[in-house]
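What follows is a single structure, written as structure tokens, with notes after it.
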Amino acid sequence: MMKKKSISASKASLIFFLCQMISALDVPLDSKLLEELSQPPTITQQSPKDYIVDPRENIVIQCEAKGKPPPSFSWTRNGTHFDIDKDAQVTMKPNSGTLVVNIMNGVKAEAYEGVYQCTARNERGAAISNNIVIRPSRSPLWTKEKLEPNHVREGDSLVLNCRPPVGLPPPIIFWMDNAFQRLPQSERVSQGLNGDLYFSNVQPEDTREDYICYARFNHTQTIQQKQPISVKVFSTKPVTERPPVLLTPTGSTSNKVELRGNVLLLECIAAGLPTPVIRWIKEGGELPANRTFFENFKKTLKIIDVSEADSGNYKCIARNILGSTHHVISVTVKASPYWITAPRNLVLSPGEDGTLICRANGNPKPSISWLTNGVPIAIAPEDPSRKVDGDTIIFSAVQERSSAVYQCNASNEYGYLLANAFVNVLAEPPRILTPANKLYQVIADSPALIDCAYFGSPKPEIEWFKGVKRSILRGNEYVFHDNGTLEIPVAQKDSTGTYTCVARNKLGKTQNEVQLEVKDPTMIIKQPEYKVIQRSAQASFECVIKHDPTLLPTVIWLKDNNELPDDERFLVGKDNLTIMNVTDKDDGTYTCIVNTTLDSVSASAVLTVVAAPPTPAIIYARPNPPLDLELTGQLERSIELSWVPGEENNSPITNFVIEYEDGLHEPGVWHYQTEVPGSQTTVQLKLSPYVNYSFRVIAVNEIGRSQPSEPSEQYLTKSANPDENPSNVQGIGSEPDNLVITWESLKGFQSNGPGLQYKVSWRQKDVDDEWTSVVVANVSKYIVSGTPTFVPYEIKVQALNDLGYAPEPSEVIGHSGEDLPMVAPGNVQVHVINSTLAKVHWDPVPLKSVRGHLQGYKVYYWKVQSLSRRSKRHVEKKILTFRGNKTFGMLPGLEPYSSYKLNVRVVNGKGEGPASPDKMFKTPEGVPSSPSFLKITNPTLDSLTLEWGSPTHPNGVLTSYILKFQPINNTHELGPLVEIRIPANESSLILKNLNYSTRYKFYFNAQTSVGSGSQITEEAVTIMDEVQPLYPRIRNVTTAAAETYANISWEYEGPDHANFYVEYGVAGSKEDWKKEIVNGSRSFFVLKGLTPGTAYKVRVGAEGLSGFRSSEDLFETGPAMASRQVDIATQGWFIGLMCAVALLILILLIVCFIRRNKGGKYPVKEKEDAHADPEIQPMKEDDGTFGEYSDAEDHKPLKKGSRTPSDRTVKKEDSDDSLVDYGEGVNGQFNEDGSFIGQYSGKKEKEPAEGNESSEAPSPVNAMNSFV
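Just so you know, we're using our numbering here: the sequence shown kicks off at 357 and counts up by one.
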């Protein structure tokens, strides 16, 4: 029982130490610091474990190490001490452990074969190297043998054995002939992995006497040749076809063991006639995607980077038309040890705890053993501070004598791993390595990074202070990095000052001051402008700058992104560039670049040079075309052309342009050939083969170009090989398993002869493959199928015609097709900087998993919900793209106090990879928006009632509302300001004890714990008399808005015959109010000419009443009708509806006509003339006349799509009747299906005329159409 308790306590102790494990201190690479600190040895360089050396050169066994004090070195050979001083051939390099064995004095390298191990030691411990096995390379000669000729019947199989000599390392085998040309291989003839040459069936063309096997020993750069093998094929008629038979491997099954991480190669070669086709499958599974390749015409299955999951049975199937055969290879994947967690160096202070962890895996599972200073830990001196628990060493309360180097050895039957890790116990007070009073300078609104490199043991804690008062820095505006660096994401001018970094541990404290200066950005306040200048005139560009006075700017002028011409006409001033005596060559773009030590800005303008106006007395014109073209001195590649110039027309000819036509390939198309000075009338022209030339000449002067001359006689050149190859050769895959090779085809005259074709060649880069070639017709693309995904290829395209090939083309590198990335970015972390900004980090994905050109990363983020309202809404995902291999990005424009999710995806040319798991983060509170509304109602002598709505965006938890108000006298002077704090759960308040008949102005805003939001204002007046107010008032201002107009209505209390006006403007704009006078004393008005989808403010006032107007009201016009909206007039249902309406109107007119004939005419005209003001004429109960039309509801806007004419008039000759007598007047409505609701009851109700400024009544048809 006691034993069990002890084991349990040990495990608990291990778990405790692993949980409490401190990370090892990093020792900064500061030369001064490294000179002062003691450090155990560390092996920095050593020779490989299996070291094959060239026997012709000195043997160099490397062993380099560092430490303080510098370590001394010793060696063992085959497990025993190697006394270097006793061997004259062996020396050790100074200040190094590297051995040099001199074998130039006749000593054989074999004498120094063995296992070597290096030890580096100082007072703090000893580090050891791997066991280095030294073996000299061998390239033995081929044994002599007598080779009999191979006589084979046509169609039989054949194997030519190579059997190369055993070398170290093994040789590379290839077959060639006597002319040192590689023997062609195919599905029928191929080389096996063992170097033998296999013929699935022989053909007569296989007869030859020079089948030669070569062995290349790369280490010694030698090639050995086997005796030539003779093959003679004799024919028999008929040739017998045969089903497949496997030549290798033999039997039905075989076994294969491969190590993890290696390349697995499986081979099946079959005999048969016709030649069998090989296919591979994995029994009970799929071949691993992206790691499987087929080589040697699918006879070899290649799987790279194998793992234990690749173990299993692989079947190769050989098939032809006569049958099939197969072979099963049982593959077992073992693994030499590999690290899961390699031990890392520990730097501890006295009394601290730590752990060394050594975890490895393999197949079989490796055993772990520990050494200290190169000695097995079981026999090493005892150390009470350490305890070994399997793959972990636990250190408790270490002392300075605990410093040592520990070695972890993980081994199994397939290999071993050896790692050194030291424990260095140091007691060091804090040190700050950043120079004192270092000056940092940045531009305003850019990040500032202030360093505080430090060291100490134990690891110091870092704090930052600012200014003379030494206020500690905290909050979202700063980012504190683990290495001590202070980051100010957006530095402002007030960030300038002294910053103090304080480092402290239990051994002491130190500090360092640095300075930060934030400079104003450099700006070009007057940029160069576009200029059009006449020749010989002067051009000037300005570039006036504003910069921080402490920065010294330099101004550089460029022309077309190059330096200014070296010409004295270009004068560069302090703020300008002047060009004297402008010429045509001065045309171009001029750029002013301003550089300081911290930033750079630029601005550009274009200069266009035009000809000066001609002198009126002289007429300048283009020259006349040249005459009398003549061809002489005809050769294969050149000819002489001469001509007679035409009239100059008062402007000297500056040059002649020669053009040619290729009548063979492009008749009727003229191409530029060359040009010569205007003083020259003959030219020697270079010609291309296989072109039927005609030439013409164009004269050029200052005015322009002449008409072309008449063409010369034709001249046909002889054919020849192509002189050039296609240009712009590219290889870009369009699918994951292909390579699309494209090029720009040669033009007709470049073919140099008939039968133009292209030889397209490719091979996989960095793989020892032969070129694969095809010859294609005169096209510009070829697709290679069955390629691995996104691997580099060497590509070349060569032109050829009936006479031969063009010169050897240059090679270009292309890539097969991309596929979607396989892996999502990992370790996604979010750092919330403030309520609207967050920073996201992620680990880059391995480049192999990108499977294409890495274009960057996309961050998808979306708001899940507001933490204040707890109401979900439609998720609108936002996307930010970060180009290149960037591993972080900023997320701006976040909503405060909200919950967000994000994920990250890698992007290549094919598209996006899988998303990382969604990462949740929350933004802190912010200040709220303004309350949604503020209404003031129920005015009395001494009180007002306030009602309000909560903010649309609370941005946090509301803590209260702040109400401020003050009286306003008749001269608009403001009285004392009163402030009231209202609980957040209130939505109304009655203000009492106010002055009677007094105007008050109110300011209202909401608060969260962060601060106050924006405020909303309103004005109101207390009344003077409860029964009859002394002053008039306008209240209940309401609006009904459509797309481009709005119906404004109000209630008025006060003296009669008041003249009203309406003021309006865009909400939030500082522009003056626009004013519209209301005609008459109506209480409604229509605002026209508004902008669709715009928020407006409106108020109503009365003329003659100084400063009296209503409170403001807000409204928004409807959105503009989409241009792609279907025209309603073309819809079938609408046409049917209009037909029904027309039929109904016809019935009504017939009824009117019948009643009129029975009852006589209605006295419409007389009743209209009886009223003095037709604009306010209401609809009468007793007659059929129309006053002004109004919708059924007073304040609803007209529906969109109204087809009512703007004048809304009824011509007298069209109708003298009123529909009011037959329905319900303007209350008659249409259902959604267009049917008329009003009953023919004859009911008439008196209603006010409003909603339209027109004084004339709408026609019955138009009145109904306005509802459609």
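Using N, Cα and C, we set each Cβ at its ideal position, and we do this for glycine too.
Using the rule of at least 16 other Cβ atoms within 10 Å of the residue's Cβ for burial, across every protein chain shown, is residue i buried or exposed?
i	result
THR697	exposed
GLU1100	exposed
TRP1406	buried
ILE844	buried
PHE590	exposed
PRO594	exposed
ILE625	buried
GLY1089	buried
THR711	buried
ASN461	exposed
TYR1028	exposed
Just checking my contact of residue i with residue j at CB under 8 Å: how many whole Å lie between their CB atoms?
i	j	result
ILE750	LYS743	5 Å
ALA847	SER802	6 Å
ASN1311	PRO1284	5 Å
VAL779	LEU702	5 Å
VAL416	GLN445	Between GLN445 and VAL416 the Cβ distance is about 13 Å, and since that is not below 8 Å, they are no contact.
LYS1453	GLY1421	6 Å
THR1296	ILE1379	6 Å
PRO520	ALA571	4 Å
THR856	ARG826	6 Å
PRO979	SER1062	5 Å
Below 8 Å between beta carbons: does that hold for residue i and residue j?
i	j	result
ARG1261	ALA1194	no
THR656	PRO600	no
GLU597	GLN559	no
GLU1031	PHE1051	no
LEU1210	ASN1264	yes
PRO877	ALA959	no
ASN1057	ILE1014	no
LEU987	SER1065	no
TYR1317	PHE1360	yes
ARG700	VAL633	no
Which residues mark the beginning and the end of the alpha helix (DSSP H) in which residue i is found?
i	result
VAL1130	Looking at the DSSP string, VAL1130 is not in any alpha helix (DSSP H); the run it does join, the beta strand (DSSP E), is 1128–1132.
VAL966	Looking at the DSSP string, VAL966 is not in any alpha helix (DSSP H); the run it does join, the beta strand (DSSP E), is 956–966.
LEU1203	1203–1206
Taking the continuous beta strand (DSSP E) assigned at residue i, which residues delimit it?
i	result
LYS424	419–424
VAL911	910–915
VAL1032	1022–1033
VAL1434	Run containing VAL1434: none; DSSP gives neither H nor E here.
HIS1197	1193–1199
VAL1422	1416–1422
THR1037	Careful: THR1037 lies outside any beta strand (DSSP E) and carries neither H nor E.
PHE1358	1355–1363
SER1084	According to the sequence displayed, residue 1084 carries Asn and not Ser. 1083–1088 is the span of the beta strand (DSSP E), which, as asked, contains ASN1084.
SER430	428–433
CYS474	470–478
VAL684	679–697
ASP406	406–409
ASP1124	No beta strand (DSSP E) contains ASP1124, which DSSP labels as neither H nor E.
ASN951	944–951
SER1655	Residue 1655 lies beyond the range of the chain shown here (357 to 1624); nothing can be said about it.
GLY812	810–813
Is any non-hydrogen atom of the ligand ATP found closer than 7 Å to the C-beta of residue i, if you look at the structure I gave you?
i	result
SER1035	As presented, the structure is devoid of all ligands, the ligand ATP included, so that no description of it is given.
Which runs of the beta strand (DSSP E) fall wholly inside the segment 609–655 and span at least 3 residues, in chain order? Entirely contained in the segment 609–655, the beta strand (DSSP E) runs reaching 3 residues are, in chain order, 609–615, 620–623, 625–629, 633–638, 648–651.
Which full runs of the beta strand (DSSP E) of 3+ residues lie inside the segment 816–853, going along the chain? You should have 817–822, 842–844.
Length at least 3, wholly inside the segment 1054–1122: the beta strand (DSSP E) runs in chain order: 1083–1088, 1094–1100, 1113–1120
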